[in-house]
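Participant:
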Amino acid sequence: MGGRFRYFVILAGMRTGSNFLEETLNLFPDLACHGELFNPSFIGHHRTTELWGFDLARRERDPYGLIEAMIAAEPERIPGFRLFHDHDPRIIEHVLADPACAKVVLNRNVLDSYVSRKIALATGQWRVTHVSHRRAARIHFVPEEFQAELAERQAFQLRIQRALQLTGQAAFWIHYDDLGDVEVINGLGAFLGSEHRIEAVSRRLKRQNPGGLREKVANYDEMRRALAAMDLFDLDRTPNFEPRRGPAVPGYVAGNEVPVLWLPLAGGPGPVMRRWLAALEPGGAAALIEGMNQKALRRWKRARPGHVALSVVRHPAPRALAAFAALLADASDSGEALRRSLAEGYGVPAPDPATAGRDELRAAFAAFLDFLRANLLGQTGVWTRPAWATQSALVQGFAQVAPPHRILREEEIGEGLAQIAEALGRPAPPVEPEMPMLGPWRADQIIDE
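Going by our numbering, the first residue of the sequence shown is number 18, and it counts up by one from there.
(1) Would you mind stating whether residue 480 and residue 133 have Cβ atoms separated by less than 8 Å?
(2) Should residue 419 be counted as a contact of the ligand SAH given a C-beta to heavy atom distance under 7 Å?
(3) Please name the residue, chosen from 54, 55, 414, that lies closest to residue 269 on a Cα-to-Cα basis.
(4) Any idea if residue 6 is buried or exposed, counting beta-carbon neighbours within 10 angstroms, 16 or more meaning buried?
(5) What does the alpha-carbon distance come out to for the pair residue 120 and residue 60?
(6) Which same chain residues end up closer than 7 Å to residue 318 when comparing Cβ atoms and leaving out the 5 residues on each side of it in sequence?
(7) Enumerate in chain order the residues of its own chain whose CB-to-CB distance from residue 378 is below 8 Å, with the five nearest sequence positions on each side excluded.
(8) Cα separation between residue 460 and residue 187?
(9) Where does the unbroken beta strand (DSSP E) through residue 24 begin, and where does it stop?
(10) For residue 307, which residues of its own chain have a beta-carbon under 6 Å away from its beta-carbon, when the five flanking residues on both sides are left out?
(11) Please determine, among 109, 170, 114, 215, the residue with the shortest C-alpha to C-alpha distance to residue 41.
(12) Ignore the nearest five residues each way along the sequence and tell me which others in residue 385's own chain have a CB closer than 6 Å to its CB.
(13) Leaving out five residues before and five after residue 287 in sequence, what residues of the same chain have Cβ atoms less than 7 Å from its Cβ?
(14) Just the Cα atoms here: how many angstroms apart are residue 160 and residue 372?
(15) For residue 125 and residue 83, I'd like the C-alpha separation in whole angstroms.
(16) So residue 103 packs on residue 400, CB below 8 Å; how close in whole Å?
(17) Measure the Cβ-Cβ separation of residue 87 and residue 62 and say whether it is below 8 Å.
(18) Thinking just about the alpha-carbon of each residue, which of 303, 450, 24 is nearest to the one in residue 92?
(19) By the 10 Å Cβ neighbour count, where 16 or more other Cβ atoms means buried, how is residue 171 classified, buried or exposed?
(20) Going by the DSSP bridge assignment, what does residue 461 pair with across the sheet?
(21) Taking the alpha helix (DSSP H) that residue 328 belongs to, which residues open and close that run?
(22) Strictly by DSSP, which residues pair up with residue 454?
(23) Starting from the Cα of residue 164, find the closest Cα among 177, 303, 265 and give me that residue.
(24) Report the rounded CA-to-CA distance for residue 393 versus residue 283, giving the unit in angstroms.
(25) Tell me whether residue 72 sits in a helix, a strand or coil according to DSSP, three-state version.
(26) Do residue 158 and residue 239 have their beta-carbon atoms positioned less than 8 Å apart in this structure?
(27) Going by C-alpha distance, which of 183, 321, 197 is nearest residue 115?
(28) Ends of the beta strand (DSSP E) at residue 317?
(29) Secondary structure at residue 253, three-state DSSP: helix, strand or coil?
(30) Using beta-carbon positions only, say whether residue 395 and residue 107 come within less than 8 Å of one another.
(31) Among residues of its own chain, excluding the 5 on either side of residue 467, which ones have a beta-carbon nearer than 7 Å to its beta-carbon?
(32) Looking at residue 361 and residue 73, is the spacing between their C-beta atoms short of 8 Å?
(33) Using the Cβ count rule (16 or more neighbours within 10 Å means buried), how would you classify residue 397?
(34) Could you tell me the distance, in whole angstroms, from the CA atom of residue 334 to the CA atom of residue 169?
(35) For residue 326 and residue 420, which I take to be in contact (beta-carbon distance under 8 Å), what is that distance rounded to the nearest angstrom?
(36) Mind pulling the beta strand (DSSP E) runs of 3 or more residues that sit fully within the stretch 325–394?
Put into structure tokens, the structure is as follows:
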């Protein structure tokens, strides 16, 4: 078809209504949405692993070819697909830069998305086509989980916004609450280049979780208290997310009486640093301040002039081993999906560290390192997790809101932390560095013979 767009992408997230939007767009005779083409586990829709001659392996080798195959397969329609933050990063970069790709940015209240996702995980039900099939569940709100989900959503939205600004493109921004408004949907169809209008939105999918949050969240009052400290006013209404936080701000750990701010690097010596800071703080571990947002961080810094912000970097090899060990131990659905994706797409086995021998673990870790090299060069379809992102990139993120005053090497933390304690006039707590483990084996037993 002629027109300014060859194809479109729905930039969204889990539980934002993207399935419903896809169903409705497919009511337009000249539009075709093909699901999550770049989901790490399938192509398009659940259990589909081949489409237009592309299986998972060919998609990994030639992700852009899959887009061209989609366009070629739909000569009479404008085709598109849904893309989430943890899908192939090469494709995210590609579509954001491509003016021939129409961008649809779908948002939903982050709390509603979080609760909906937790209910879906609890019930195993991700789509409902008949109300009699609906399963109900009450979930437990975990502040740290929610903050992590919010940070991921913000980072993705800000990436989209910046890419559009730098390239002079415009997107169609749509909110979950607008998905039932046929006039808005017809406006979206016109934006995409459709020559048709529809009379009503799709009715095939049913809302899975009607009712208020009090009915869905078991610890509702606790959730309200936690949210009150997060300053979430209208954060779901992007493109203007406020505040523009650096990555992992809720993960910062601060002293209460001691003016020390620890900026943890994923995959680093977290337990050692936490014990040191707890020993330095008169109130112990219970007095440490965590889960801050940018506003709370600014307040903490203003109240403690002369504070010290520090981070500890770890040698890349043991840090990679720590990331691999964490991956093998991750019992969540996302952990299982990632292990399966790495095994099927990159030949990274996932042995049980409790029963596997050292040679088997060494071979698995070597395969993981091969994957890491490609991943960090942007040559894989797997989102780069913080646990194995470069430490320089993570520190640059810290610097947006809290530039570290001291960056210590892990092997030198005994001396470095003693100097910090002395400067604060505090007794220096003992520091015992810990070697990362993979099952019963220390990092140096896996990395070197």
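In this text, a Cβ means the ideal position worked out from N, Cα and C, and glycines have one as well.
Facilitator: If we stick to the structure as given:
(1) One cannot answer for residue 480 here, as it falls past the ends of the chain, which runs 18 to 466.
(2) Here there are no bound small molecules, and the ligand SAH is not part of this structure.
(3) 414
(4) Within the shown structure, residues of the chain are numbered from 18 to 466, placing residue 6 beyond reach of any answer.
(5) 20 Å
(6) 324
(7) 368, 370, 455, 456, 458, 463
(8) 49 Å
(9) 24–28
(10) 270
(11) 215
(12) 341, 365
(13) 281
(14) 35 Å
(15) 29 Å
(16) 4 Å
(17) no
(18) 24
(19) buried
(20) Partner(s): none; residue 461 has no beta bridge.
(21) Counting along the chain, residue 328 falls outside any alpha helix (DSSP H), though it belongs to the beta strand (DSSP E) covering 325–330.
(22) 459
(23) 265
(24) 15 Å
(25) strand
(26) yes
(27) 183
(28) From DSSP, residue 317 is part of no beta strand (DSSP E) but of the alpha helix (DSSP H) over 311–320.
(29) Any reading at residue 253 is ruled out, since the residue's pLDDT is 41, under 50, leaving its predicted position unreliable.
(30) yes
(31) Because the chain spans 18 through 466 in this model, residue 467 falls outside it and cannot be assessed.
(32) yes
(33) buried
(34) 26 Å
(35) 7 Å
(36) 325–330
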